[in-house]
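Colleague: My questions will all concern the structure given below.
Protein chains: 2
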Amino acid sequence: MSTKKTSLKDIAQEAGVSTALVSYVLNGKEKESRVGSEIAIKIRAIAIALNYQPNHVAKSLRSGKTQTIGLIIADISNPFFANIARIVEDEAKRNGYTVIIGSSDENADKSRDLLNVLINRQVDGFIIVSAEDSAEQVQLLKEKNIPFVLLDRYFPDIQTDFVSTDHYRAAYDGANHLITNGYRRIGMIAYKSAMFHMQERIRGYQDALKDGGLPFQKGYLKKIRFTHIEQEAKVAIDELTKTDKPIDALIFATYGLAINGLIYLNERKLNVPDDVAIVSFGQAEAFDLYYCPITYLKQPIDLLGQTSVSLLVKKLKESPEEPAQILMNAELVARNSSKPKCIPQH
Amino acid sequence: MSTKKTSLKDIAQEAGVSTALVSYVLNGKEKESRVGSEIAIKIRAIAIALNYQPNHVAKSLRSGKTQTIGLIIADISNPFFANIARIVEDEAKRNGYTVIIGSSDENADKSRDLLNVLINRQVDGFIIVSAEDSAEQVQLLKEKNIPFVLLDRYFPDIQTDFVSTDHYRAAYDGANHLITNGYRRIGMIAYKSAMFHMQERIRGYQDALKDGGLPFQKGYLKKIRFTHIEQEAKVAIDELTKTDKPIDALIFATYGLAINGLIYLNERKLNVPDDVAIVSFGQAEAFDLYYCPITYLKQPIDLLGQTSVSLLVKKLKESPEEPAQILMNAELVARNSSKPKCIPQH
DNA sequence: ATCCTTTGCTTAAACGATTAAGCTGACTAT
DNA sequence: ATAGTCAGCTTAATCGTTTAAGCAAAGGAT
Numbered sequence: 001m002s003t004k005k006t007s008l009k010d011i012a013q014e015a016g017v018s019t020a021l022v023s024y025v026l027n028g029k030e031k032e033s034r035v036g037s038e039i040a041i042k043i044r045a046i047a048i049a050l051n052y053q054p055n056h057v058a059k060s061l062r063s064g065k066t067q068t069i070g071l072i073i074a075d076i077s078n079p080f081f082a083n084i085a086r087i088v089e090d091e092a093k094r095n096g097y098t099v100i101i102g103s104s105d106e107n108a109d110k111s112r113d114l115l116n117v118l119i120n121r122q123v124d125g126f127i128i129v130s131a132e133d134s135a136e137q138v139q140l141l142k143e144k145n146i147p148f149v150l151l152d153r154y155f156p157d158i159q160t161d162f163v164s165t166d167h168y169r170a171a172y173d174g175a176n177h178l179i180t181n182g183y184r185r186i187g188m189i190a191y192k193s194a195m196f197h198m199q200e201r202i203r204g205y206q207d208a209l210k211d212g213g214l215p216f217q218k219g220y221l222k223k224i225r226f227t228h229i230e231q232e233a234k235v236a237i238d239e240l241t242k243t244d245k246p247i248d249a250l251i252f253a254t255y256g257l258a259i260n261g262l263i264y265l266n267e268r269k270l271n272v273p274d275d276v277a278i279v280s281f282g283q284a285e286a287f288d289l290y291y292c293p294i295t296y297l298k299q300p301i302d303l304l305g306q307t308s309v310s311l312l313v314k315k316l317k318e319s320p321e322e323p324a325q326i327l328m329n330a331e332l333v334a335r336n337s338s339k340p341k342c343i344p345q346h
Numbered sequence: 347m348s349t350k351k352t353s354l355k356d357i358a359q360e361a362g363v364s365t366a367l368v369s370y371v372l373n374g375k376e377k378e379s380r381v382g383s384e385i386a387i388k389i390r391a392i393a394i395a396l397n398y399q400p401n402h403v404a405k406s407l408r409s410g411k412t413q414t415i416g417l418i419i420a421d422i423s424n425p426f427f428a429n430i431a432r433i434v435e436d437e438a439k440r441n442g443y444t445v446i447i448g449s450s451d452e453n454a455d456k457s458r459d460l461l462n463v464l465i466n467r468q469v470d471g472f473i474i475v476s477a478e479d480s481a482e483q484v485q486l487l488k489e490k491n492i493p494f495v496l497l498d499r500y501f502p503d504i505q506t507d508f509v510s511t512d513h514y515r516a517a518y519d520g521a522n523h524l525i526t527n528g529y530r531r532i533g534m535i536a537y538k539s540a541m542f543h544m545q546e547r548i549r550g551y552q553d554a555l556k557d558g559g560l561p562f563q564k565g566y567l568k569k570i571r572f573t574h575i576e577q578e579a580k581v582a583i584d585e586l587t588k589t590d591k592p593i594d595a596l597i598f599a600t601y602g603l604a605i606n607g608l609i610y611l612n613e614r615k616l617n618v619p620d621d622v623a624i625v626s627f628g629q630a631e632a633f634d635l636y637y638c639p640i641t642y643l644k645q646p647i648d649l650l651g652q653t654s655v656s657l658l659v660k661k662l663k664e665s666p667e668e669p670a671q672i673l674m675n676a677e678l679v680a681r682n683s684s685k686p687k688c689i690p691q692h
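Protein sequence lines correspond, in order, to chains Y and F.
Per this note's numbering, residue 1 is the first one in the first sequence, and the count goes up by one each step.
Per this note's numbering, residue 347 is the first one in the second sequence, and the count goes up by one each step.
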């Protein structure tokens, strides 16, 4: 019933040769290893007959390579990361690698844990969407000479390979788009975070306002804590709208922020785009479903994912050279939520 | 620089003992193996000093266990599965397991591929959301005595462990809810599929209509191909609405169908729920964002995921006993999209 | 003094594969 | 005849752990 899996030894026994020969043949090294052609044929036949499947674990132990990539993301249940994960999975498979995904929840401790678990599991390398305060972990990987590629977020102070969206430019484009379309009191809701990508998004927003001749209003920029999105998003929106100079447009720095914010706008019966125009980062079916399709900054997810994998695979094969640092542009997908402003109200 | 990882041998050398002793101590078997308490302390100290991290691959080879679970789903970028994946990941971790996720795209060949790859990687067991035409694969796993638990979908003709939503009852509840709220011409859009869970959803819908005294109209049930959702969903909706007896309510048998359908309803300027009431399977933020929040059948994702993991872990630890077959109820979350029907139009 | 137990350690095989090195016999060249 | 070459195989070490079996010395009982 439970027929034991067949190993090299079984084949060797059946063929009346040593395991070495079998290994040579099945790895296509008959030429270099001077294996007789008759016995090679016989071995191959037996392997098929016994339905031989090499034991990956044994291979890994011997070779020191597991053909496995660790993918660290914030949360697999967030559509942005789920999409990334899917691309990475497919691309890795195409290169003969398997992916192990771990969710860090934007939390440095969990991220460290994950890294350790996966290092012990001997993954060959990592693709990492870094969490807050994880610079030291990245530094450590560098020192340990563990191959990795940072995805979507990077640390300007640490020399690493990375593949990222140009967050500054994306935010700049988003804000600029709103200005062009006639909006003048443009708010932004972002995370309270020291992460470079978030800083860049904020900087892009601010620079666009400045270049558009709009004075930067400190009160128009709201930073809320990742851990309290729901409550703080409401407070932020209230503060942005329940004032004598309410915003007429709002940029969400993140998909998660947008979801929460849009739901609350609904609750408050604020109309998009008449009361508030919207531009958001991230992308998801949800934006298509909103009564007024949401303008968003479409990050090149496919390219990001594919490039990070091929970069990592290259690092794993060839010896490390110069770090590759790739910045990609997000595409502004303009929809009704940011359409040119109608008649000035008053 | 690239300090080699420390192994048992290194510790043994440093402590002047054999690797066996080190292994005993670090695995907490000092008692059974009569290790001296002094040397035990010394070994532990050295292990910490050298930052010893056991090599999981070697452990796996020796033990035949990789502490890894294979999770086969349709598509990680689908929110339903992404959520499942997250739960499974967390629950597995809590039990000392790592998860490898594979997306089958509802395709039997890909599913078979995935299974083989993961079997070669020596995963200890599987959690599987079965794809169309994959009954034979499940049968094979059974014969090979590879532990697995089916998740959310199962085959009534094959005796296996499974954890699933009661799809029949969920659909019945959904349709019944619409009837109760005054709708009389209730359509359904489902997948053209032989999968049991889809058949059950359809059967639930039909039985509810029957029990509600509504004649089942063949034309009100549309089955569309998984591979052509976008086009066929439009056609289906047109056929359901552009007729002299148009539907007044619609059930989507799936999250993906709902997304496509709702977008098209928008396009057609059909109002929810005044023109068409909606009830959908699946759940996602998207449903909250719709101008009229969508009534949905909330599957107990957390419980499904957790239960499947603990079931599998139990199978892996203890010897196989009776197969566990668990059916859970979906909760109907009633929102505005299915609110009691207003004034009869004519 | 002798035997038995117990304690504290080592030895070595095993998991399944890879691969450098060595062995044997046949053939070639001189 | 004799050395050298080469084809065709085997041997055995190795990757890092685990663990059954065994060995040696010390202590206890008679």
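Where a beta carbon is used, it is the ideal one built from N, C-alpha and C, also for glycine.
Owing to the predicted nature of the structure, the values given are computational and were not obtained by experimental measurement.
1) For F/E693, which residues in chain Y fall below 8 Å Cβ to Cβ?
2) Beta carbons nearer than 8 Å to chain Y: which residues of the stretch 475-487 of chain F have them?
3) Would you mind sorting F/H574 into buried or exposed? The rule is 16 or more other CB atoms within 10 Å of its CB.
4) Of all the residues that make up the stretch 393-411 of chain F, which are near chain Y by a beta-carbon distance shorter than 8 Å?
5) Let me see if you follow: with CB-CB separation under 9 Å, is Y/V99 close to chain F or not?
6) Please decide whether F/G550 counts as near chain Y, where near means a Cβ-Cβ distance under 9 Å.
7) By DSSP, does Y/F226 sit in helix, in strand, or in coil?
8) Can you give the Cα-Cα distance for F/N448 and F/A428, rounded to whole angstroms?
9) Is there a C-beta anywhere in chain Y that falls below 9 Å from the one on F/D455?
10) In chain order, what residues of the same chain have a beta carbon less than 6 Å from the beta carbon of F/Y443, not counting five sequence neighbours either side?
11) Residues of the stretch 628-652 of chain F in Cβ contact with chain Y at a cutoff of 7 Å, in chain order, please.
12) Taking only beta carbons into account, state which residues of the stretch 77-103 of chain Y come closer than 7 Å to chain F, listed in chain order.
13) Between the Cα of Y/K298 and the Cα atoms of Y/I326, Y/D133 and Y/A171, which residue gives the shortest distance?
14) Of the residues F/Q505, F/G528, F/D455 and F/D620, which one's Cα is nearest the Cα of F/D479?
15) For the beta strand (DSSP E) holding F/L560, just list the boundary residues, first then last.
16) F/Q691 by DSSP, collapsed to three states: which one?
17) Does any CB atom of chain Y fall closer than 9 Å to the CB of F/I609?
18) How would you call Y/Q345, buried or exposed, if buried means at least 16 neighbouring beta carbons within 10 angstroms?
19) Using C-beta distances below 6 Å, list every residue in its chain close to F/V495, excluding the 5 sequence neighbours before and after it, in chain order.
20) Grab me the residues of Y/E30's own chain with a C-beta within less than 8 Å of its C-beta, minus the 5 sequence neighbours each way, in chain order.
21) Taking contact to mean at least 3 C-beta pairs separated by less than 8 Å, is the stretch 278-292 of chain Y in contact with the stretch 327-339 of chain Y?
22) Starting from F/I421, find everything on chain Y with Cβ-Cβ shorter than 8 Å and list it in chain order.
23) For a test of the three-state rule: what should DSSP assign to Y/K315, helix, strand or coil?
24) CA-CA distance, F/D451 and F/D459?
25) Drop a sphere of 10 angstroms on the beta-carbon of Y/V99, count the other beta-carbons inside from all chains shown, and report buried for 16 or more, exposed for fewer.
26) Answer with buried or exposed for F/V581, where buried requires no fewer than 16 other C-beta atoms within 10 angstroms of its C-beta.
27) Can the beta-carbon of F/S539 be found less than 9 Å from the beta-carbon of F/Y500?
28) Using a C-beta to C-beta distance shorter than 8 Å, which residues of chain F count as neighbours of Y/N349?
29) Consult DSSP for F/L635 and reduce its assignment to one of helix, strand or coil.
30) Kindly confirm or deny that the stretch 347-367 of chain F and the stretch 391-409 of chain F touch, where touching means at least three C-beta pairs closer than 8 Å.
31) Taking Cβ positions only, does Y/I251 come closer than 9 Å to chain F?
32) What residue range does the alpha helix (DSSP H) around Y/V47 cover?
33) Residues in its own chain within less than 7 Å of Y/Y52 by CB, not counting five upstream and five downstream?
34) Report the neighbours of Y/I259 on chain F: residues whose CB is nearer than 8 Å to its CB, in chain order.
35) Y/I128 lies in the beta strand (DSSP E); which residues open and close that run?
36) If we cut at 9 Å on Cβ distances, does F/V463 have a partner in chain Y?
Modeller: Answer, in terms of the structure:
1) Nothing about residue 693 of chain F can be read from this structure; chain F reaches only from 347 to 692.
2) none
3) Working through the second sequence from its first residue, we reach residue 574 of chain F at position 228. The residue is exposed, with fewer than 16 neighbouring Cβ atoms inside 10 Å.
4) Q399, P400, N401, H402, V403, A404, S406 and L407
5) In the first sequence, counting from the first residue as 1, residue 99 of chain Y sits at position 99. Yes, contact with chain F.
6) Taking the first residue of the second sequence as 1, we reach residue 550 of chain F at position 204. So no, F/G550 is outside the interface.
7) Your numbering for residue 226 of chain Y matches position 226 in the first sequence. In this structure, Y/F226 counts as helix in the three-state DSSP scheme.
8) The residue labelled residue 448 of chain F in the question sits at position 102 within the second sequence. The residue labelled residue 428 of chain F in the question sits at position 82 within the second sequence. The sequence shown places Gly at residue 448 of chain F, not Asn. The straight-line gap from Cα to Cα measures roughly 11 Å.
9) Mapped onto the second sequence, residue 455 of chain F falls at position 109. It does not; no Cβ of chain Y falls within 9 Å.
10) The residue labelled residue 443 of chain F in the question sits at position 97 within the second sequence. Around F/Y443: Q413 and I415.
11) E631, A632, D634, L635, Y636 and Y637
12) S77, P79, A82, N83, A85, R86, E89, T98, I100, I101 and S103
13) Against the first sequence, residue 298 of chain Y aligns to sequence position 298. Of the candidates Y/I326, Y/D133 and Y/A171, the one whose C-alpha sits nearest the C-alpha of Y/K298 is Y/A171.
14) Taking the first residue of the second sequence as 1, we reach residue 479 of chain F at position 133. Ranking F/Q505, F/G528, F/D455 and F/D620 by Cα distance to F/D479 puts F/D455 first.
15) Reading the second sequence from its first residue, position 214 is the one you call residue 560 of chain F. No beta strand (DSSP E) holds F/L560; DSSP gives it neither H nor E.
16) Stepping through the second sequence from its first residue, residue 691 of chain F is reached at position 345. Reliability fails at F/Q691, whose pLDDT of 48 lies under 50, so the model's placement of it is uncertain and no value is given.
17) Translated into positions along the second sequence, residue 609 of chain F becomes position 263. Yes, because at least one Cβ of chain Y sits closer than 9 Å to the Cβ of F/I609.
18) Residue 345 of chain Y sits at position 345 when you count from the first residue of the first sequence. The predicted position of Y/Q345 is uncertain, since its pLDDT is 48 and thus under 50; a value taken from the coordinates is nonetheless stated next. By the 10 Å Cβ count, Y/Q345 comes out exposed.
19) As a position in the second sequence, residue 495 of chain F is number 149, starting the count at 1. Once the five neighbours on either side are set aside, the close Cβ partners of F/V495 are I473, D507, S654, L657 and L658.
20) The sequence position of residue 30 of chain Y within the first sequence is 30, counting from 1. So the qualifying residues of the chain are Y24, S37 and A40.
21) yes
22) By 1-based counting over the second sequence, the position of residue 421 of chain F is 75. Inspection of the sequence shows that residue 421 of chain F is occupied by Asp rather than by Ile. The contacting residues are R86.
23) Position 315 of the first sequence, counted from the first residue, corresponds to residue 315 of chain Y. In the structure shown, Y/K315 sits in a helix (DSSP, three-state: H, G or I).
24) Start at 1 with the first residue of the second sequence, and residue 451 of chain F comes out as number 105. Start at 1 with the first residue of the second sequence, and residue 459 of chain F comes out as number 113. Distance between the alpha carbons of F/D451 and F/D459 is about 12 Å.
25) Residue 99 of chain Y sits at position 99 when you count from the first residue of the first sequence. Label assigned to Y/V99: buried.
26) By one-based count along the second sequence, residue 581 of chain F stands at place 235. Exposed, since its Cβ has fewer than 16 Cβ neighbours within 10 Å.
27) Locating residue 539 of chain F in the second sequence gives position 193, where the first residue counts as 1. Locating residue 500 of chain F in the second sequence gives position 154, where the first residue counts as 1. The answer is no: Cβ separation not under 9 Å.
28) This structure cannot speak to residue 349 of chain Y, because chain Y is shown only from 1 to 346.
29) Mapped onto the second sequence, residue 635 of chain F falls at position 289. Helix, per DSSP.
30) yes
31) The residue you call residue 251 of chain Y lines up with position 251 of the first sequence. Taking Cβ atoms only, chain F never reaches closer than 9 Å to Y/I251, which makes this a no.
32) Taking the first residue of the first sequence as position 1, residue 47 of chain Y is located at position 47. Sequence check: residue 47 of chain Y is Ala here, not Val. Note, Y/A47: alpha helix (DSSP H), S37 to A49.
33) Residue numbering aside, residue 52 of chain Y sits at position 52 when the first sequence is read from its first letter. T6 and I11, listed in sequence order.
34) One-based indexing of the first sequence puts residue 259 of chain Y at position 259. Those within 8 Å of Y/I259 in chain F are E631, D634 and L635.
35) For the purposes of this step, residue 128 of chain Y is taken as residue 128 along the first sequence, with counting starting at 1. Per DSSP, Y/I128 belongs to the beta strand (DSSP E) from G125 to I128.
36) For the purposes of this step, residue 463 of chain F is taken as residue 117 along the second sequence, with counting starting at 1. It does: the Cβ of F/V463 has a partner Cβ on chain Y nearer than 9 Å.
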